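Student: Protein sequence lines correspond, in order, to chains A and D.
Everything in the first sequence is counted per our numbering, starting at 1 for the first residue and increasing by one.
Everything in the second sequence is counted per our numbering, starting at 1 for the first residue and increasing by one.
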Amino acid sequence: MTQAPPHGFWQRMQQIPRYYIYALLAGVVIWQLLFPIRLPIAPSRATLGVRDAIRNVPEDKIVIISVDWDASTQPETGPQTQAIIEACFQLKKRFAIMNLAAPMGVKLANDIALRVARRYNAKYGVDWCNWGYKVGQGNFLMAVAKNIPKAVATDFYNKPVSELPMMRGVENISSIGLVVEVTGLAGMTELWLGLIQGPYGTPFASAYTAVMAPGYYPYLDSGQMKGMLVGAKGAAEMETLVNRPGSAVAIMNVQSWAHLLIIVLIVIGNVAYFMGRRRPGEGRR
Amino acid sequence: MNPQLWILSAGAIATVLRGLTAALRDPQLWILWAGAIATLGVYTILYRENPVSRFFEHIFVGLSAGYLLVATWAFNLEGRWWDPMIHERRWYWIFAPVVGFLFYFIYSRRLSWLARLVMGLFFGAGAGTFFREFFPLYSPQLYASFKPLRPDAQVGWAAVILHNWLFVIVLLTVLSYFFFALPHEGRAGRNLGRAALLGRWFMMIAFGAMFGNTVMARISLFIGRMRFLLKDWLGSFIPWLAHRGM
Chain A
1 MTQAPPHGFW QRMQQIPRYY IYALLAGVVI WQLLFPIRLP IAPSRATLGV
51 RDAIRNVPED KIVIISVDWD ASTQPETGPQ TQAIIEACFQ LKKRFAIMNL
101 AAPMGVKLAN DIALRVARRY NAKYGVDWCN WGYKVGQGNF LMAVAKNIPK
151 AVATDFYNKP VSELPMMRGV ENISSIGLVV EVTGLAGMTE LWLGLIQGPY
201 GTPFASAYTA VMAPGYYPYL DSGQMKGMLV GAKGAAEMET LVNRPGSAVA
251 IMNVQSWAHL LIIVLIVIGN VAYFMGRRRP GEGRR
Chain D
1 MNPQLWILSA GAIATVLRGL TAALRDPQLW ILWAGAIATL GVYTILYREN
51 PVSRFFEHIF VGLSAGYLLV ATWAFNLEGR WWDPMIHERR WYWIFAPVVG
101 FLFYFIYSRR LSWLARLVMG LFFGAGAGTF FREFFPLYSP QLYASFKPLR
151 PDAQVGWAAV ILHNWLFVIV LLTVLSYFFF ALPHEGRAGR NLGRAALLGR
201 WFMMIAFGAM FGNTVMARIS LFIGRMRFLL KDWLGSFIPW LAHRGM
């Protein structure tokens, strides 16, 4: 049965073709990318928690940055990883990148670390290293807790990790001062919390894509997590904290305007729905 | 067509062709162009389902699967299995893939019990790991749900009281929504029904917040791609775009 063409202003408002909405959204995004109107970014408590957790890592311990993300979430997780690496270099904390799932992330994070390391004159193997992608997930974590050189064996460049200067004295989980999980995958945090943070008390912080972050607030509230970066917003806040506004700050600025457009569209849709209902025979189907 | 539009279109085509010619000379730019074409190809789905979008989708899935295979070999099997077996003469490692290949006996009716052996091993290991993981993961949340409703005076005391009361009310009402043993009849049942209704409202608010975050995530990805198209790709042959503050 063919649908009758919309008549009346409010009914037309309820049936805006989706192409117009796509075009409007693209228009707002392009406008704000080319001619940005900057909005303030204030770091939240969850973001401050991540920065403080990195700051509180003792000198003799290292940070693990588990980068379980790939190209499909890069606009959020890429800047998060970069901001965390910036914080580690600024606060002079040695770190190891590793990956339990989505192995593309370990290459993408390696590129980010190489780029950032140049700015701080940081050396691979001395200030940071990359353990590469490791299979086994939970089993691998249990092995890491007991014997890191044996469990990790070789790094991203296929060199034995025990030969890296920064790995001297890094024996087991007691040598780890903080784990930061950057991910767009559900299930990874549960592994870290259940097998490492819970049994050994290793501090844990995280960075998630915005879509999965709400499910992890209870862990923040219970104190199992020291802090959490939420999507591009968390990355932008972290970039602001480390004084390196980059792609996340640019994205968040555009994002705020895009959200404004969506809010306006939701209001129009709802007002149109209720106005349509008020006129018998027009709004109801 | 309007002559001004002709001039504008010709100018745009000339600019893109200039970029393409430059890309042909510089292999680094090939990557940019491949990324831009793949992005635009995938976005054709916004118009309707079409073979171009499907083509690029399949390329992405294929690339990811291929990369996983290479990464599994390069970061794990080569160093931990192949090298010890070949160079350190740990010949017994040859039995590891033999055990792995037992999975394929699932296709044989007569010998499928061999596949069940390794599956049982995996189920047992998985269950054991989950059991070990469960209590350290969830027990701290159980303790954290016991919040003082009359906390000692401190800075931000009113906010703490409000937070704790709200937490406990939401926790109890949402739990009551999932309590199915008592029908919502009689005095106690009706009160439970009211609490469950309130719990449902709280859950709806939470789902709204989650949906808001989903919108935020999707738009972030879209902005990321637009930034790539404008700054990295178009910016490679229109310098003005490369120098915009994005």
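For glycine and all other residues, C-beta sits at the position ideal for the given N, C-alpha and C.
Note that the structure is a prediction, hence the values are computed from the model and not measured.
At the 8 Å Cβ level, is D/Glu133 part of the contact set with chain A, yes or no?
Tutor: Numbered from 1 along the second sequence, position 133 holds the residue referred to as residue 133 of chain D. At least one CB atom of chain A sits nearer than 8 Å to the CB of D/Glu133.
Student: Output yes if chain A places a C-beta closer than 8 Å to the C-beta of D/Phe222; else output no.
Tutor: Along the second sequence, read from residue 1 onward, the residue named residue 222 of chain D stands at position 222. Yes - at least one Cβ of chain A is within 8 Å of the one on D/Phe222.
Student: Have a look at D/Glu57 and D/Val168 and give me their C-alpha separation to the nearest angstrom.
Tutor: Counting from one through the second sequence, the residue named residue 57 of chain D turns up at place 57. Counting from one through the second sequence, the residue named residue 168 of chain D turns up at place 168. Going from the Cα of D/Glu57 to the Cα of D/Val168 covers about 46 Å.
Student: Does any residue of chain A bring its CB to less than 8 Å from the CB of D/Gln141?
Tutor: Numbered from its first residue, the second sequence carries residue 141 of chain D at position 141. Yes - at least one Cβ of chain A is within 8 Å of the one on D/Gln141.
Student: Exposed or buried, A/Ser174, counting other C-beta atoms within 10 Å across all chains shown (16 or more means buried)?
Tutor: In the first sequence, residue 174 of chain A corresponds to position 174, counting from 1. Label assigned to A/Ser174: exposed.
Student: Keeping to the same chain, check which residues put their C-beta closer than 6 Å to that of A/Leu261; ignore five residues upstream and five downstream.
Tutor: As a working note, residue 261 of chain A is residue 261 in the first sequence. Val28, listed in sequence order.
Student: Among D/Phe105, D/Ala12, D/Phe178, D/Val170, which one has its Cα closest to the Cα of D/Ile205?
Tutor: For the purposes of this step, residue 205 of chain D is taken as residue 205 along the second sequence, with counting starting at 1. D/Ile205 has its Cα closest to that of D/Val170, out of D/Phe105, D/Ala12, D/Phe178, D/Val170.
Student: Is the beta carbon of A/Ala210 closer than 8 Å to that of A/Val230?
Tutor: As a first step, residue 230 of chain A must be located in the first sequence, where it is residue number 230. As a first step, residue 210 of chain A must be located in the first sequence, where it is residue number 210. Yes, these two residues count as a Cβ contact at 8 Å.
Student: Quick one: complete alpha helix (DSSP H) runs, 4+ long, within the segment 35 to 96 of chain A?
Tutor: With a minimum length of 4 residues, the continuous alpha helix (DSSP H) runs that stay inside the segment 35 to 96 of chain A are 45 to 55, 74 to 90.
Student: Run through the DSSP bridge pairs and tell me what D/Phe131 is partnered with.
Tutor: One-based indexing of the second sequence puts residue 131 of chain D at position 131. The partner list for D/Phe131 (beta bridge, DSSP) is empty, contrary to what the question assumes.
Student: Can a CB atom of chain D be found closer than 8 Å to the CB of A/Gly283?
Tutor: Numbered from its first residue, the first sequence carries residue 283 of chain A at position 283. Unreliable placement is indicated for A/Gly283, whose pLDDT of 48 sits below 50; the coordinate value is still reported in the next sentence. Cβ-Cβ to chain D under 8 Å: no for A/Gly283.
Student: Between the C-alpha atoms of A/Arg285 and A/Gln11, what's the straight-line distance to the nearest angstrom?
Tutor: On the first sequence, position 285 is the one that residue 285 of chain A refers to. On the first sequence, position 11 is the one that residue 11 of chain A refers to. Residue confidence is low: A/Arg285 scores 47 on pLDDT, short of 50, so the model does not pin down where it sits. Its coordinate-derived value is still stated next. So the alpha carbons of these two residues sit roughly 11 Å apart.
Student: Which term fits A/Ala53, buried or exposed, when burial requires 16 or more other beta carbons within 10 angstroms of its beta carbon?
Tutor: Along the first sequence, one-based indexing puts residue 53 of chain A at 53. Result: buried.
Student: So for A/Thr209, helix, strand or coil by DSSP?
Tutor: Position 209 of the first sequence, counted from the first residue, corresponds to residue 209 of chain A. Three-state DSSP puts A/Thr209 in coil, outside helix and strand.
Student: Residues in its own chain within less than 8 Å of A/Ala145 by CB, not counting five upstream and five downstream?
Tutor: Position 145 of the first sequence holds residue 145 of chain A. Counting only Cβ-Cβ distances below 8 Å, and skipping sequence neighbours, we find Asn172, Ile173, Leu195, Ile196, Pro199, Tyr200.
Student: Whole alpha helix (DSSP H) runs in the segment 116 to 167 of chain D with 4 or more residues, listed along the chain?
Tutor: none
Student: Quick check on the DSSP output: the beta strand (DSSP E) that includes A/Trp128 runs from which residue to which?
Tutor: Position 128 of the first sequence, counted from the start, is the residue given in the question as residue 128 of chain A. That run of the beta strand (DSSP E) goes 128 to 133.
Student: Exposed or buried, what is A/Glu239 when buried is set at 16 or more other beta-carbons lying within 10 Å of its beta-carbon?
Tutor: Walking along the first sequence from the start, residue 239 of chain A turns up at place 239. With 16 or more Cβ atoms within 10 Å of its Cβ, A/Glu239 is classed as buried.
Student: Spatial neighbours of D/Leu63 within its chain, please: CB distance less than 6 Å, with the 5 preceding and 5 following residues excluded, ordered by chain position.
Tutor: Numbered from its first residue, the second sequence carries residue 63 of chain D at position 63. For D/Leu63, where only same-chain residues beyond five positions count, there are no Cβ hits under 6 Å.
Student: Hey, could you find the ends of the beta strand (DSSP E) A/Met275 is sitting in?
Tutor: The residue given as residue 275 of chain A occupies position 275 in the first sequence. Per DSSP, A/Met275 belongs to no beta strand (DSSP E); it is in the alpha helix (DSSP H), 247 to 278.
Student: D/Gly79 CB to nearest chain A CB: under 8 Å?
Tutor: Numbered from its first residue, the second sequence carries residue 79 of chain D at position 79. Yes, its Cβ sits closer than 8 Å to a Cβ of chain A.
Student: Note the first and the last residue of the continuous alpha helix (DSSP H) segment covering D/Ile205.
Tutor: Translated into the one-based positions of the second sequence, residue 205 of chain D becomes position 205. Per DSSP, D/Ile205 belongs to the alpha helix (DSSP H) from 186 to 227.
Student: Which full runs of the alpha helix (DSSP H) of 4+ residues lie inside the segment 49 to 94 of chain D, going along the chain?
Tutor: 51 to 72, 83 to 87
Student: Is the separation between the beta-carbon of D/Arg225 and that of A/Leu34 shorter than 8 Å?
Tutor: As a first step, residue 225 of chain D must be located in the second sequence, where it is residue number 225. As a first step, residue 34 of chain A must be located in the first sequence, where it is residue number 34. No. Outside cutoff.
Student: Check whether the segment 72 to 90 of chain D touches the segment 148 to 159 of chain A, counting contact only when three or more Cβ pairs, one atom from each stretch, lie closer than 8 Å.
Tutor: Yes, they touch.
Student: Quick one: does D/Val215 have its CB under 8 Å from some CB of chain A?
Tutor: If you number the second sequence from 1, residue 215 of chain D lands on position 215. Chain A, which has a Cβ nearer than 8 Å to the Cβ of D/Val215, makes this yes.
Student: Quick one: is D/Phe55 buried, meaning 16 or more other Cβ sit within 10 Å of its Cβ, or exposed?
Tutor: For the purposes of this step, residue 55 of chain D is identified with residue 55 of the second sequence, where counting begins at 1. Exposed, by the Cβ-count rule.
Student: Examine the Cβ distances between the segment 34 to 52 of chain D and the segment 71 to 90 of chain A and report whether three or more of them are shorter than 8 Å.
Tutor: As far as the Cβ criterion goes, the segment 34 to 52 of chain D does not touch the segment 71 to 90 of chain A, which means the pair count is below three.
Student: Taking a Cβ distance cut-off of 7 Å, strictly less, list which residues of the segment 97 to 114 of chain A are near chain D, in chain order.
Tutor: Pro103, Met104: these are the residues of the segment 97 to 114 of chain A whose beta carbon lies less than 7 Å from some beta carbon of chain D, given in chain order.
Student: The beta strand (DSSP E) that contains A/Gly177, what's its start and end?
Tutor: Position 177 of the first sequence, counted from the start, is the residue given in the question as residue 177 of chain A. Taken as a continuous stretch (DSSP letters only), the beta strand (DSSP E) holding A/Gly177 covers 176 to 183.
Student: Alpha carbon to alpha carbon, how far is A/Gly283 from D/Phe211?
Tutor: Here residue 283 of chain A refers to the residue found at position 283 of the first sequence. Here residue 211 of chain D refers to the residue found at position 211 of the second sequence. Confidence at A/Gly283 is low in this model, with a pLDDT of 48, below 50, so the placement of that residue should be treated as unreliable; the coordinate-derived value is given next. Taking the straight line from one Cα to the other gives about 26 Å.
Student: To which residues does DSSP link A/Phe204 through a beta bridge?
Tutor: Residue 204 of chain A sits at position 204 when you count from the first residue of the first sequence. DSSP output for A/Phe204 lists A/Val179 as bridge partner(s).
Student: Could you please give the first and the last residue of the uninterrupted alpha helix (DSSP H) stretch that includes A/Met238?
Tutor: As a first step, residue 238 of chain A must be located in the first sequence, where it is residue number 238. Start and end: 231 to 241.
Student: When you check each C-beta in the segment 64 to 97 of chain D against every C-beta of chain A, which residues fall closer than 8 Å?
Tutor: The segment 64 to 97 of chain D vs chain A, Cβ under 8 Å: Ser64, Tyr67, Leu68, Ala71, Thr72, Ala74, Phe75, Asn76, Glu78, Gly79, Arg80.
Student: Could you pull the DSSP bridge partners for A/Thr154 from this structure?
Tutor: Within the first sequence, the letter at position 154 stands for residue 154 of chain A. In the DSSP assignment, the residues bridged to A/Thr154 are A/Pro160.
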